[in-house]
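**Q** Residue numbers 1 to 354, in the working numbering, belong to the letters of the sequence shown in order.
Each residue gets a CB set at the ideal place from its N, CA and C atoms; glycine is no exception.
Before we start, here is the structure in question, set down as structure tokens.
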Amino acid sequence: MNPEDEGDVAASQTDGTKTDPPSETMFTIEDPTPISSGPKSYIDLINECDNFPYYQTNPKLFFAHIHTYYGLYIADYPETELGYILPSVAEVFRGLPDWKIDDKDRSLTLISGSTEEERSIVVAMTCKALRATNHFKVLKGWRNELYPVYGPNRELLFSIERSACPLFGVVTYGCHMTAYTRSLRQALADEKAEADELKIWVPRRAITKQTYGGMLDNSVAGGIATGEVIFDSMVRECAEEASLAEDLVRSRAKAVGAITYFHIRDERAGECEYVYDLELPEDVVPKPSDDEVEGFELMTVEEVKEHLRRGEYKPNCALVLIDFFIRHGIIPAEEEGYVEMVARLHRRFEFPTI
């Protein structure tokens, strides 16, 4: 999600005084999606990840959250909201020359820069200054990776340090792949038997990972940086995380859609994950090629389900597997909450997307 100069953005406020360290906790009223302490259902897992309240189901809670936030804007598109920002975070921008806070409209606007490059430079300087305050836990995971922020008509407005995205509340993009195998006998069987016999390659995240260390993950997953082609990003991650050959991935991987959710409890906010399936020959075994993964295990569908019930998967990876189960008929249409599951895996954002 490199050492920097020490400093304090808060000290540059108009009154010249320091503020208390800002809070990054977004839930200040009540948890809109309480999760049971026992085995988790598919809906429980979706609620854990897509946990920003919906207006349709709880208008009171929705407005209780929304009315406290500041909207993120740029001067060139004053009517286009790009993200949600906590008031304690927005306060740090007060008095900074490149930013304007409007308390009446509850908006934070980037007023400097008229091109993507110029805006990106200003945002980079701001993020480095925020990091130097040591007030923001998410910035301790500084990645030196740039993520894109889009405006109307898929226009790239600026790029931002990956770990700073949740502070600005912007939509981010990633790619997730489920790699699986099936024998010739299974492939010739009927669809239900095939689904029952599928085996999925499951990695365990390295315990040293900055987030969700030691938890189970999708076969391959990663973020999409500014300027990256989506499928090229997937191919790169396959090589880096699973030692899968480029020609194999390019010839066998299938783009099967995307999932979207709004998570406001840790390092994510709105996210769009492009989803891929990869059926591997039985003699191809994914192997870690970096320090991101401890190892891979080939699990049956029932084993994967049990790990999901125990809450052992990284939250957004659980959603990718639920999507996989739905598409492969492992979760049938008769499953309780089926329509809600399908809808909740494809949340509509209030912000521009590509």
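Do you know offhand how far L216's Cα is from K314's?
**A** Residue 216 sits at position 216 when you count from the first residue of the sequence shown. Residue 314 sits at position 314 when you count from the first residue of the sequence shown. One C-alpha to the other measures close to 6 Å.
**Q** Touching or not, the segment 302 to 319 and the segment 249 to 256, by the rule of three or more beta carbon pairs under 8 Å?
**A** Touching, no, given that fewer than three Cβ pairs across the two stretches are closer than 8 Å.
**Q** So is A269 buried or exposed if we call it buried at 16+ other beta carbons inside 10 Å?
**A** The sequence position of residue 269 within the sequence shown is 269, counting from 1. By the 10 Å Cβ count, A269 comes out buried.
**Q** To the nearest angstrom, how far is the alpha carbon of A129 from that of V123?
**A** Start at 1 with the first residue of the sequence shown, and residue 129 comes out as number 129. Start at 1 with the first residue of the sequence shown, and residue 123 comes out as number 123. If you take the alpha carbons of A129 and V123, they lie about 10 Å apart.
**Q** So the candidates are G141, L156, R143 and M341; which of them puts its Cα closest to the Cα of S114?
**A** The count along the sequence shown starts at 1 and reaches residue 114 at position 114. It is L156.
**Q** Hey, would you say L108 sits closer than 8 Å to A90, going by beta carbons?
**A** By 1-based counting over the sequence shown, the position of residue 108 is 108. By 1-based counting over the sequence shown, the position of residue 90 is 90. Result yes, Cβ atoms of L108 and A90 sit closer than 8 Å.
**Q** Decide if V339 is buried, meaning its Cβ has at least 16 other Cβ atoms within 10 Å, or exposed.
**A** Working through the sequence shown from its first residue, we reach residue 339 at position 339. Exposed, because fewer than 16 other Cβ atoms sit within 10 Å of the Cβ of V339.
**Q** From I322 to Y212, what does the alpha carbon distance come to, in whole angstroms?
**A** As a first step, residue 322 is located in the sequence shown; it is residue number 322 there, counting from the start. As a first step, residue 212 is located in the sequence shown; it is residue number 212 there, counting from the start. Computed Cα separation, rounded: 19 Å.
**Q** Anyone know if the C-beta pair for S120 and L139 falls short of 8 Å?
**A** Counting from one through the sequence shown, the residue named residue 120 turns up at place 120. Counting from one through the sequence shown, the residue named residue 139 turns up at place 139. Not closer than 8 Å, so no.
**Q** Determine the direct distance from the alpha carbon of Y261 to that of A343, and round the result to whole angstroms.
**A** For the purposes of this step, residue 343 is taken as the residue at position 343 of the sequence shown. For the purposes of this step, residue 261 is taken as the residue at position 261 of the sequence shown. One C-alpha to the other measures close to 10 Å.
**Q** What is the residue span of the beta strand (DSSP E) that E294 lies within?
**A** As a position in the sequence shown, residue 294 is number 294, starting the count at 1. Counting along the chain, the beta strand (DSSP E) containing E294 begins and ends at V293 to T300.
**Q** Which two residues bound the contiguous alpha helix (DSSP H) that contains A64?
**A** Within the sequence shown, the letter at position 64 stands for residue 64. P59 to I66 is the extent of the alpha helix (DSSP H) around A64.
**Q** For L156, report the span of its beta strand (DSSP E) as first-last.
**A** Indexing the sequence shown from 1 puts residue 156 at position 156. Looking at the DSSP string, the run of the beta strand (DSSP E) that includes L156 is L156 to E161.
**Q** Could you check which residue in R250, T208, T126 and N218 has the C-alpha nearest to that of F324?
**A** Here residue 324 refers to the residue found at position 324 when the sequence shown is read from its first residue. Closest by alpha carbon: N218.
**Q** When the Cα atoms are used, what is the spatial distance from G16 to P97?
**A** Position 16 of the sequence shown, counted from the first residue, corresponds to residue 16. Position 97 of the sequence shown, counted from the first residue, corresponds to residue 97. In this prediction, G16 has a pLDDT of 37, which is less than 50 and means its spatial position is unreliable; what the coordinates show is noted afterwards. One C-alpha to the other measures close to 14 Å.
**Q** In this structure, does DSSP put G95 in helix, strand or coil?
**A** Residue 95 sits at position 95 when you count from the first residue of the sequence shown. Here G95 sits in coil by DSSP.
**Q** Under the assumption that E117 contacts Y180 (Cβ atoms under 8 Å), give the Cβ distance between them as a whole number of angstroms.
**A** Looking up residue 117 in the sequence shown gives position 117. Looking up residue 180 in the sequence shown gives position 180. The Cβ separation is near 42 Å, so there is no contact.
**Q** Using three-state DSSP, classify D277 as helix, strand or coil.
**A** Against the sequence shown, residue 277 aligns to sequence position 277. Residue state, collapsed to three classes: strand.
**Q** Considering R205, what are the terminal residues of the beta strand (DSSP E) in which it resides?
**A** The residue you call residue 205 lines up with position 205 of the sequence shown. Start and end: K199 to R205.
**Q** So is V229 buried or exposed if we call it buried at 16+ other beta carbons inside 10 Å?
**A** The residue labelled residue 229 in the question sits at position 229 within the sequence shown. By the 10 Å Cβ count, V229 comes out exposed.
**Q** With which residues is F262 paired in a DSSP beta bridge?
**A** On the sequence shown, residue 262 is found 262 positions in, with the first residue counted as 1. According to DSSP, F262 bridges with G270.
**Q** Would DSSP call I74 helix, strand or coil?
**A** As a first step, residue 74 is located in the sequence shown; it is residue number 74 there, counting from the start. If DSSP states are grouped into helix, strand and coil, I74 belongs with the strands.
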